[in-house]
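2 protein chains.
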Amino acid sequence: MDDEFSTRLTTRAAEAQNCLDKLLEAQPRNGEIARPERLVAAMRHGVLNGGKRLRPFLVMESAALFGAKPAAALRVAAALECIHCYSLIHDDLPAMDDDDLRRGQPTVHRAFDEATAILAGDSLLTLAFDIIANDDTALSAKAKLTLVSMLARASGLGGMAGGQMYDLDAARTAPDEAGIIRLQAMKTGALIRFACEAGPVIAGAPEPDRERLAEFGSAIGLAFQLADDLLDLTSSTEKMGKATDKDAAAGKATLVALHGADWARSQLKGLVTQATGLLAPYGSACAMLTQAAHFIAARDS
Amino acid sequence: MDDEFSTRLTTRAAEAQNCLDKLLEAQPRNGEIARPERLVAAMRHGVLNGGKRLRPFLVMESAALFGAKPAAALRVAAALECIHCYSLIHDDLPAMDDDDLRRGQPTVHRAFDEATAILAGDSLLTLAFDIIANDDTALSAKAKLTLVSMLARASGLGGMAGGQMYDLDAARTAPDEAGIIRLQAMKTGALIRFACEAGPVIAGAPEPDRERLAEFGSAIGLAFQLADDLLDLTSSTEKMGKATDKDAAAGKATLVALHGADWARSQLKGLVTQATGLLAPYGSACAMLTQAAHFIAARDS
């Protein structure tokens with residue numbers, strides 16, 4: 008990993024953490040009646056957990072590329088991270104993936120209880136839209152509305168939540184290749200695409216820039232999932248000393264399970280070439296986003 | 008119940024149902040990838056269930072009082088109902104109230120499964136903000152942003168979701184009278200207040216009208232909860248032939264349990280007088296809202 012990129016990723020993560028910490032204070036905001044101590048604690052547990060903040064990074068860097076005010080980008084980055092963290096809290100629930108640990112800490116429903124975890128997820132989801140609508144940094148009313156709409160569609164029934172539904176249903180419906188691609192574009196791709204497309208929207212950049220960054224986001228979203236599936240395969244291979252696949256064992260359909268690791272590595276290379284090619288017109292200004300594409304694709308090594 | 012009011016309530020409910028039916032179509036919207044069949048079915052099950060649509064009624068009537076375009080009011084009414092229905096789906100979950108039936112039908116997690124019910128609630132919550140941000144009827148950008156912000160604060164950690172947290176915690180914390188009032192203002196009051204305050208915002212009415220309608224909403228929200236608690240008390244008395252109280256038996260603190268039914272009936276009268284008094288400046292134009300206040304308070308009879 009490039010030193011400058013690594014430093015920037017750490018700096019941006021700290022900025023996001025700091026912003027989220029302030030947004031999750033005990034003090035109620037104008038229009039709120041009170042913030043229950045236990046609910047705030049559960050939300051903080053689910054958010055302030057030392058994540059890499061990759062999605063916030065993409066928002067901030069894609070916004071910086073078009074000269075957006077950093078404070079405005081940071082708000083949108085924090086809103087997106089609230090959505091990402093809510094989805095992890097709900098996905099970890101016993102009725103979903105039933106996970107006890109996340110980043111070495113008890114998941115929210117283990118540290119608190121299931122009801123509190125459901126409410127913490129609901130409240131983070133709601134807060135995301137609050138953060139954008141109540142931004143007073145630099146966003147125009149038009150940008151705020153576009154972002155609320157984009158974020159709702161990226162995360163709702165036609166985006167992330169819908170992708171999770173397809174994923175839960177996959178054991179029963181056994182999706183074909185097109186079905187797997189759709190599932191992944193929704194479940195993980197939609198938020199990553201949003202992160203990249205948000206930059207030009209925050210900056211008020213022209214439509215072609217928005218389209219270009221959205222395409223970039225789609226490519227690295229696909230790479231993100233491929234690298235994840237590959238990581239899953241190689242780590243279980245190492246651990247178990249033979250070529251089994253955790254997802255395949257769990258009955259999960261992935262493109263890696265379908266086509267193999269070599270195919271996946273070649274696909275990843277192609278996606279990085281495609282993604283970085285899309286940014287070529289911006290020259291050296293997009294170095295951080297280019298590095299991010301490489302970083303995302305290299306997670307299997 | 009006044010005949011004109013009764014007819015209007017039915018008409019408005021049909022309008023809301025029709026609007027929600029269209030919003031919950033299988034066809035993905037611009038920016039969505041696909042809508043999973045099972046998720047759409049679960050959302051429809053949780054929403055298109057023949058509710059009275061009291062909150063949509065309040066939005067539409069408070070908007071009409073200030074001359075707002077009916078189509079714009081209907082969108083906001085539908086968004087609010089999505090929030091209300093998401094909260095019912097999540098509250099019914101085994102980890103929360105564990106209810107099998109709602110309006111004589113299986114609850115969403117019984118008709119589908121828990122994971123699907125969690126996702127259906129999440130998706131309805133998300134859709135609510137989508138509906139407002141993507142309105143193309145008559146709302147100004149300023150009104151949309153104000154409504155997104157108001158709705159987020161009424162329904163999030165400092166509003167409805169926070170109230171549910173306090174309610175779940177009540178058995179442990181045994182809230183005093185002030186605590187019960189706060190809990191109820193958040194859990195049920197905040198959305199009813201939003202419904203009434205939304206009208207002048209949709210219409211772009213002056214600030215004093217907005218404040219007046221918000222106060223009206225607070226008063227009838229309080230009345231709504233009192234009538235509910237009273238209904239609970241009287242219906243269990245009738246059913247069981249003695250003065251037991253379901254909520255009290257469940258360890259739930261209510262003002263009715265604290266002060267008795269006579270006190271509650273007298274409070275209800277006072278709240279209706281206060282609420283209708285607030286609307287007096289609008290003369291006969293506010294007949295439907297005045298009737299709604301009486302209707303809400305009379306639910307124990």
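If you're matching them up, the sequences are chains A and B in order.
Just add 7 to wherever you are in the first sequence, counting from 1, and you've got this note's numbering.
Just add 7 to wherever you are in the second sequence, counting from 1, and you've got this note's numbering.
All residues carry an ideal CB built from backbone N, CA and C; glycine is no exception.
A quick note: this is a predicted structure, and the numbers were derived from the prediction, not measured.
Item, Value
"Among the residues of its own chain, which have a CB less than 6 Å from the CB of B:Gln298, if the five just before and after it don't count?", "Asp9 and Phe12"
"What residues in its chain sit with their C-beta under 6 Å from that of B:Gln24, if we drop five residues either side in the sequence?", "none"
"For B:Thr241, tell me which candidate among B:Ala21, B:Arg272, B:Ala150 and B:Gly211 has the shortest Cα-Cα distance.", "B:Arg272"
"Determine the closest residue to B:Gly290 out of B:Phe73, B:Glu39 and B:Gln34, with distance taken between C-alpha atoms.", "B:Phe73"
"Across which residues does DSSP place B:Arg109 in a beta bridge pair?", "B:Gln112"
"Strictly under 8 Å for the Cβ-Cβ distance: is A:Gly290 near chain B by that measure?", "no"
"Please tell me whether, using a cut-off of 7 Å, the distance from the CB of A:Ala226 to the nearest non-hydrogen atom of the ligand PLP is below it.", "Only the bare structure without any ligand can be found here, which leaves the ligand PLP out of the picture."
"Is B:Thr144 close to chain A, meaning its C-beta is less than 8 Å from at least one C-beta of that chain?", "no"
"Check the Cβ of B:Gln171 against every Cβ in chain A and list those closer than 8 Å, keeping chain order.", "Leu126"
"At the level of alpha carbons, what is the spacing between A:Met295 and A:Glu22?", "16 Å"
"Check each candidate in B:Asp107, B:Thr123, B:Pro207 and B:Gly169 and name the one with the smallest Cα separation from B:Thr153.", "B:Pro207"
"So, are the CB atoms of A:Ile139 and A:Leu30 less than 8 Å apart?", "no"
"So, is the C-beta of A:Asn141 closer than 8 Å to a C-beta in chain B?", "yes"
"Using a Cβ-Cβ cut-off of less than 8 Å, give me the residues of the region 41-57 of chain B that come near chain A, in sequence order.", "Ala41, Arg42, Pro43, Arg45, Leu46, Val47 and Met50"
"With 8 Å set as the bound, which would you pick, yes or no: does the beta-carbon of A:Arg189 sit closer than that to a beta-carbon of chain B?", "yes"
"Pull up the CB-CB distance for A:Met172 and B:Leu46, whole angstroms please, since I reckon it's below 8 Å.", "4 Å"
"Hey, would you say B:Asp174 sits closer than 8 Å to B:Lys194, going by beta carbons?", "yes"
"Assign A:Arg217 to one of three DSSP states: helix, strand, or coil.", "helix"
"Give the straight-line distance between the Cα atoms of A:Arg274 and A:Ala230, rounded to the nearest whole angstrom.", "Looking at the sequence shown, residue 274 of chain A is not Arg but Gln. Cα-Cα distance, rounded: 8 Å."
"In its own chain, which residues sit with a C-beta less than 7 Å from the C-beta of B:Gly248, not counting the 5 before and 5 after it?", "Because the pLDDT of B:Gly248 is 44, which lies under 50, any placement of that residue in the model is unreliable, and the number read from its coordinates should be weighed accordingly. Here the set comprises nothing."
"Indicate the three-state DSSP secondary structure (helix, strand or coil) for A:Asp28 in the structure shown.", "helix"
"Whose Cβ in chain B lies nearer than 7 Å to the Cβ of A:Asp137?", "Ser156, Ala159, Arg160 and Gly163"
"Considering only their Cβ atoms, is the gap separating B:Arg109 from B:Leu126 smaller than 8 Å?", "no"
"Could you check how far apart the C-beta atoms of B:Leu158 and B:Leu238 are, in whole angstroms? I think they sit under 8 Å.", "Rounded, the Cβ-Cβ distance is 27 Å, inconsistent with contact."
"Considering B:Gly166, what are the terminal residues of the alpha helix (DSSP H) in which it resides?", "B:Gly166 -> no alpha helix (DSSP H), and no H or E assigned at all."
"Could you work out which residues of chain B lie near A:Glu39, taking near to mean beta carbons separated by less than 8 Å?", "Arg160, Gly163, Leu164, Gly165, Gly166 and Gly169"
"Within its chain, find whatever has a CB closer than 7 Å to the CB of B:Gly128; leave out the 5 residues flanking it on each side and keep chain order.", "Tyr93, Ile96 and His97"
"Compare the C-beta of A:Ala192 with all C-beta atoms of chain B and state if any pair is closer than 8 Å.", "yes"
"Looking at A:Ala48 and A:Ala124, is the spacing between their C-beta atoms short of 8 Å?", "no"
"Identify whether A:Ile303 lies in helix, strand or coil by the three-state DSSP scheme.", "helix"
"Please report the straight-line C-alpha distance between B:Arg19 and B:Glu204, rounded to a whole angstrom.", "18 Å"
"Measuring CA to CA, which of A:Leu134, A:Val279, A:Phe201 and A:Asn37 is closest to B:Ile40?", "A:Phe201"
"So with CB distances below 9 Å, who are the chain A contacts of B:Glu121?", "Leu100, Pro101, Ala102 and Met103"
"Between B:Lys90 and B:Ala148, is the Cβ-Cβ spacing less than 8 Å?", "The sequence shown places Ile at residue 90 of chain B, rather than the Lys named in the question. No."
"Could you have a look at B:Ser291 and say whether DSSP puts it in helix, strand or coil?", "helix"
"Return the first residue and the last residue of the alpha helix (DSSP H) that B:Phe136 is part of.", "Glu121 to Ala140"
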